[in-house]
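**Q**
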Amino acid sequence: MTLEPTEGDRFASALLAGDRAGALACAREAFACGVDHLYEDVVQPALVRLGDLWSCNKITIAEQHVATALAQSVLSALYPEFPWPPPGPRALIACVAGEHHQLGARMVADLLTLDGWDGVFLGADVADDALLDRVAQTRPGLVVLSLTMATSRRALASLVARLRRQPSSPKILVGGSAMLGRELSDLPASAGAVLSSARAAVDWARRWKS
Ligand code: B12
Numbered sequence: 033m034t035l036e037p038t039e040g041d042r043f044a045s046a047l048l049a050g051d052r053a054g055a056l057a058c059a060r061e062a063f064a065c066g067v068d069h070l071y072e073d074v075v076q077p078a079l080v081r082l083g084d085l086w087s088c089n090k091i092t093i094a095e096q097h098v099a100t101a102l103a104q105s106v107l108s109a110l111y112p113e114f115p116w117p118p119p120g121p122r123a124l125i126a127c128v129a130g131e132h133h134q135l136g137a138r139m140v141a142d143l144l145t146l147d148g149w150d151g152v153f154l155g156a157d158v159a160d161d162a163l164l165d166r167v168a169q170t171r172p173g174l175v176v177l178s179l180t181m182a183t184s185r186r187a188l189a190s191l192v193a194r195l196r197r198q199p200s201s202p203k204i205l206v207g208g209s210a211m212l213g214r215e216l217s218d219l220p221a222s223a224g225a226v227l228s229s230a231r232a233a234v235d236w237a238r239r240w241k242s
């Protein structure tokens with residue numbers, strides 16, 4: 033018995049072949065079922081597949097770079113078609129210092145924005161002081177931190193503690209693959225949460241959106 037390739041498999045194959053038109057067609061087809069479907073059921077598994085191929089030496093790091101860049105370019109091409117609502121309360125989304133994996137954080141930023149937040153994505157490798165300055169200046173209701181590398185967890189507790197001391201008391205949400213199965217034991221549910229998926233981020237944040 034042969035299994036049909038999933039949408040994620042097809043997207044990954046198009047990325048690896050450098051087939052921009054094929055990748056865009058695949059992404060557009062998935063987008064018809066929602067941006068969350070495109071992101072979490074197609075792009076995310078496709079990139080995990082690329083990582084698996086790299087870690088067992090089936091593709092080079094250069095091929096992985098090219099495929100990731102193509103994925104980002106395809107998503108950007110669809111941006112004008114996303115149903116962006118008017119911006120609501122502000123949310124800051126950042127990858128913590130040293131963290132260069134930014135695609136997942138950008139997905140969280142986009143899905144929050146599509147759910148009515150004014151999502152401001154600060155990008156990869158945001159230094160703690162830069163993030164805290166931005167929080168002090170713009171007083172977001174929500175601060176989202178994304179971590180992929182296990183090493184990114186090292187300085188997390190001190191950053192969360194500093195964020196908690198901000199006079200604007202933003203809600204704090206921490207997630208990304210480095211946080212799978214983890215908890216911040218000192219993070220009370222009333223102040224924030226640790227979650228793994230972008231969809232879960234949107235659901236959790238909804239209660240603070242007023
Ligand atoms: C692309 C990629 C890169 C690119 C990133 C480019 C970019 N612009 O983002 C580059 C080339 C920079 C890179 C570099 C490295 N990488 Co890399 N990379 C990947 C790869 C293939 C895909 C990552 C990705 O985009 N995934 C897709 C996104 C959508 O998924 P995601 O990030 O998990 O996000 C989802 C959820 O986690 C969630 N989410 C994300 N953030 C948040 C936040 C909150 C609050 C919530 C609720 C949810 C949430 O929502 C997203 C949607 O579902 C992974 C493979 C993998 N298994 O993920 C390896 C991987 C992450 N990389 C790895 C490694 C080892 C490295 C390097 C050390 C390699 C090296 N020697 O250079 C460096 C480290 C760089 C650094 N300091 O950060 C390892 C990490 C091992 C570990 N767990 O510690 C992986 C797993 C590869 C592997 N199989 O070993 N990488």
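Letter by letter, the sequence shown follows residues 33 to 242 of the numbering used here. C-beta: ideal position from N, C-alpha, C; glycine also.
Sorry if obvious, but does the Cβ on Y111 come closer than 7 Å to a heavy atom of the ligand ADP?
**A** Judged by which ligands are present, the ligand ADP is missing from the structure shown, whose ligands are the ligand B12.
**Q** In the DSSP assignment, what are the bridge partners of R122?
**A** D150
**Q** If I'm right that A103 touches I125 with Cβ under 8 Å, what's the distance once you round it to whole angstroms?
**A** That pair is no contact at about 19 Å.
**Q** For Q23, count neighbouring Cβ atoms within 10 angstroms of its own Cβ and tell me buried if that reaches 16, exposed if not.
**A** Residue 23 cannot be examined here, being either before or after the span of the chain that is shown, 33 to 242.
**Q** Anyone know if the C-beta pair for T170 and R122 falls short of 8 Å?
**A** yes
**Q** Judging by CA-CA distance, which residue of E36, V80, W86 and L174 is the nearest neighbour of V206?
**A** L174
**Q** On the criterion of 16 or more Cβ atoms from any shown chain inside 10 Å, does Y111 qualify as buried, or is it exposed?
**A** exposed
**Q** Assuming T180 and A210 make a contact with CB atoms under 8 Å, what is their CB distance in whole Å?
**A** 5 Å
**Q** Are there 16 or more other CB atoms within 10 angstroms of the CB of T34, so buried, or fewer, so exposed?
**A** Burial call: exposed.
**Q** Ordered along the chain, which non-local residues of its own chain (more than five positions away) have a Cβ less than 6 Å from that of G40?
**A** So the qualifying residues of the chain are V74, P77 and A78.
**Q** If we ignore side chains and look at the alpha-carbon of each, how far apart do G54 and E61 end up?
**A** 11 Å
**Q** Given a cut-off of 8 Å, decide if E131 and A230 are closer than it, judged by their beta-carbon atoms.
**A** No. Outside cutoff.
**Q** If you compare alpha carbons, which of S87, R81, D51 and G151 is closest to A237?
**A** Closest option to A237, Cα to Cα, is G151.
**Q** Since L47 and A99 should fall inside the 8 Å C-beta cutoff, what is the C-beta to C-beta distance between them, to a whole number of angstroms?
**A** 4 Å
**Q** Nearest CA to the CA of A137: which residue from L146, T145 and C127?
**A** C127
**Q** Hey, quick one: how far does the beta strand (DSSP E) through I204 stretch, first residue to last?
**A** K203 to G207
**Q** Look at the alpha carbon of S201 and the alpha carbon of T145, and state the distance between them as a whole number of angstroms.
**A** 21 Å
**Q** At which residues does the beta strand (DSSP E) containing L174 begin and terminate?
**A** L174 to S178
**Q** How about L241 and W116: do their beta carbons lie closer than 8 Å?
**A** Reading the sequence as shown, one finds Lys at residue 241 and not Leu. Taking 8 Å as the Cβ cut-off, K241 and W116 do not qualify as a contacting pair.
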